[in-house]
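Undergrad: In the numbering used here, each number is its position in the sequence shown, counted from 1, plus 38.
Built from N, CA and C at the ideal position, the CB exists for glycine as well.
Input: one structure, supplied below.
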Amino acid sequence: MRTLVPRGSTNSAHPSLAPDVRLAPGAIRASVRQAARPGSPTRLSGSGVRWTLTLVGFLLYLLVITSYRLPLGDIAIAIALGGIVLQDTAVRFPAYLGWLTAFLIWAAVAGIQTAFPDLVGPQLVTVLKMSLIVFVAANAIQTRGQARLFMVFFLGCFALFPLRGAMFNFFFYHNDMEGRAIWNYLYSNPNDLGAIALLQLSMAVALLVSEKKGWVRWSALAGVIVIPMLILMTQSRGVFLGLVVFLAIAFAGQRRRFRFVVIVGTRALILAALAPADVWGRLGTMRHATSTSTLDQVDGEDGSARQRYEIWRVAFKIIGDHPIAGVGLGAYKVNHERYALDPEFNPTAQGGRDTHSLYFNVLAETGYPGLVLYLGMVLSVGIAAERTRRQCKGVYDSAARQLLLLEAGLVAFLAAAIFGSLPYLPHFLLHLVLLNALVILYRRDLKVIKGRRPVQQRSDGRLHRGGIRSGVVRTAISRPE
């Protein structure tokens with residue numbers, strides 16, 4: 039029963055209560071706040087862009103690596119690093135960057151024993167630069183507005199240069215690689231172009247679910263239609279497998295799965311009608327790639343499937359001979375050329391080949407310790423993202439959906455990377471940075487959302503969450519004595 043005291047009296051045991059309310063023993067004071075609606079991050083992490091020198095330098099770097107129009111990559115990173123020195127916030131050095139640094143140190147130590155130090159040195163410098171870029175990106179993307187700007191800007195650069203260039207090459211200039219879409223520089227390999235497009239696709243879909251209206255949403259919708267078209271035009275069977283993995287994960291995370299199937303099915307029919315006929319002919323040969331006895335039926339006796347199998351046999355031999363330290367960062371091709379001359383291997387594997395697999399490349403060049411450190415970098419981000427997604431589910435649904443789609447892009451890329459040597463691709467490392475930045479932001483948002491839940495305080499001072507979901511007044515509730 040609620041007990042009232044005369045005006046002017048105080049409650050020394052509970053000074054936070056109104057002066058005219060006194061709680062009986064066992065009473066509960068309910069301080070009721072407006073509950074946060076799932077998927078509505080109002081007044082959570084800031085949505086405005088906080089411009090910094092680090093962010094400007096980082097965006098310039100993104101423009102450089104996608105356009106190849108400006109030779110300013112090193113200058114952009116120098117500007118961004120200068121911004122970190124001048125910034126008034128704490129410098130970020132996330133766990134995944136620690137794994138990458140440990141990998142770089144191990145590669146340098148393991149490279150001491152290599153027979154080709156002149157090859158290892160430049161590659162170590164390349165990985166060091168990538169580590170600096172990851173460090174810069176981690177400090178450039180700290181707010182919701184900065185993360186959104188990164189996705190919009192990166193997708194815009196990709197659309198204006200590699201995507202547009204590959205489309206123009208294919209349809210207007212008829213400049214392709216045996217019917218497979220390509221562009222130039224980093225994007226001149228159709229397998230690499232397709233793998234990068236997978237990451238961009240997941241980013242476009244993640245923007246689509248978070249943007250409710252406006253030009254960003256319409257642009258993301260266009261990307262969701264055009265980027266899969268580019269993936270098909272590269273005719274990369276490994277990337278197509280990654281696309282299937284992406285769709286499977288996205289489907290598993292849907293509550294309205296029938297609607298998802300209808301939307302994806304409709305777009306698939308449109309793409310099927312627009313894609314060149316030889317795309318489906320090449321992808322259809324994947325059914326013969328389930329056994330080594332049928333590899334010749336994939337694309338001929340000297341085709342890429344049989345050649346990749348022979349290249350992997352060589353890689354296994356190299357890995358077996360150098361399981362701990364590897365052959366040295368950047369020294370795989372020259373070792374492959376020597377090993378492939380052995381009569382036990384098919385001549386199709388001869389030459390300075392790469393491993394055609396991210397995992398075999400890291401393993402062959404840095405040994406098992408190097409592979410563990412590399413995968414530790416990836417898993418540290420993936421596990422944190424999945425844990426945060428589960429915490430957001432049902433409480434902060436827009437964040438949960440966005441994390442799911444970006445995770446799907448990560449897993450899809452890792453599946454495609456079984457067939458492509460892309461361990462130090464900047465797009466992949468920046469995808470990890472984006473995922474980790476969103477994990478930090480959404481964990482912060484979850485604290486705010488949980489803080490909006492109703493709080494009941496017992497007369498003994500202990501807090502109990504739950505109960506009434508809405509209200510605007512502080513009230514006193516008592517129990518029978």
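First and last residue of the alpha helix (DSSP H) that includes L435?
TA: In the sequence as presented, Leu is not what sits at residue 435; that position holds Asp. Here the alpha helix (DSSP H) through D435 covers 435-454.
Undergrad: On the criterion of 16 or more Cβ atoms from any shown chain inside 10 Å, does I263 qualify as buried, or is it exposed?
TA: exposed
Undergrad: Pick out whichever of H374, L367, A343, R346 has its Cα sitting closest to the Cα of I356.
TA: That would be H374, whose Cα lies nearest to the Cα of I356.
Undergrad: Whole angstroms is fine: what's the gap from L479's alpha carbon to A423's?
TA: 11 Å
Undergrad: I'd like the span of the alpha helix (DSSP H) that includes D483, first residue to last.
TA: 464-489
Undergrad: For the pair the region 92-104 and the region 168-178, tell me if three or more CB-CB distances fall below 8 Å.
TA: yes
Undergrad: Once the 5 residues before and after R439 are set aside, which same chain residues still bring their CB inside 6 Å of it?
TA: V247
Undergrad: Within this structure, are the beta carbons of A204 and L231 separated by less than 8 Å?
TA: yes
Undergrad: Please return the same chain residues whose Cβ sits closer than 7 Å to the Cβ of K167, not counting the five positions on each side in sequence.
TA: none
Undergrad: Of the choices G364, L97, Q273, whose alpha-carbon is the least far from that of G121?
TA: L97
Undergrad: Mapping the DSSP letters down to three states, classify R425 as helix, strand or coil.
TA: helix
Undergrad: Express the C-alpha separation of P160 and P76 in angstroms, rounding to a whole number.
TA: Its pLDDT being 43, under 50, P76 is placed unreliably in this model, and the coordinates cannot settle the point.
Undergrad: What are the boundary residues of the alpha helix (DSSP H) that R182 is part of?
TA: 182-196
Undergrad: Could you tell me how far apart the beta carbons of P266 and L224 are, in whole angstroms, since I believe they sit closer than 8 Å?
TA: Not a contact, Cβ separation roughly 20 Å.
Undergrad: Can you tell me whether S3 is buried or exposed? The criterion is at least 16 other CB atoms within 10 Å of its CB, across all chains shown.
TA: What the structure shows of the chain is the stretch from 39 to 519, and residue 3 is not part of that stretch, so it cannot be assessed.
Undergrad: Tell me which residue opens and which closes the alpha helix (DSSP H) that D112 is part of.
TA: For D112, the uninterrupted alpha helix (DSSP H) segment begins and ends at 111-124.
Undergrad: Just verifying my parser: in three-state terms, what is the DSSP assignment at R218?
TA: strand
Undergrad: Using CA atoms only, rank isn't needed, just tell me which of D380, L411, A343 is closest to I362.
TA: L411
Undergrad: According to DSSP, simplified to helix, strand and coil, what is T152?
TA: coil
Undergrad: Expressed to the nearest angstrom, what Euclidean distance is found between the alpha-carbon atoms of L476 and L470?
TA: 10 Å
Undergrad: Run through DSSP, which three-state label would P381 get?
TA: coil
Undergrad: Quick check on DSSP: helix, strand or coil for D359?
TA: helix
Undergrad: How far does the alpha helix (DSSP H) with Y106 in it extend, from its first residue to its last?
TA: It is not in any alpha helix (DSSP H) - Y106 carries neither H nor E in the DSSP assignment.
Undergrad: Go through its chain and collect everything with a Cβ distance to F398's Cβ below 6 Å, but skip five positions before and after it.
TA: So the list reads A353, once near-sequence residues are dropped.
Undergrad: What do you reckon, are the CB atoms on V172 and L467 nearer than 8 Å?
TA: yes
Undergrad: Should N474 be labelled buried (16 or more other beta-carbon atoms within 10 Å of its own) or exposed?
TA: buried
Undergrad: Should P381 be labelled buried (16 or more other beta-carbon atoms within 10 Å of its own) or exposed?
TA: exposed
Undergrad: For the alpha helix (DSSP H) containing W253, list its first residue and its last residue.
TA: Looking at the DSSP string, the run of the alpha helix (DSSP H) that includes W253 is 253-272.
Undergrad: Are the region 102-114 and the region 192-208 touching, with three or more C-beta to C-beta distances below 8 Å?
TA: yes
Undergrad: Per the contact definition of three or more C-beta pairs closer than 8 Å, is the region 274-282 in contact with the region 442-462?
TA: yes
Undergrad: I'd like the list of long-range same chain contacts for L309, defined as Cβ closer than 7 Å, with 5 residues on each side in sequence excluded.
TA: Hits under 7 Å: P266, M267, L270.
Undergrad: Tell whether a beta-carbon distance below 8 Å holds between W350 and S395.
TA: yes
Undergrad: Mapping DSSP to helix, strand and coil, what is I308?
TA: helix
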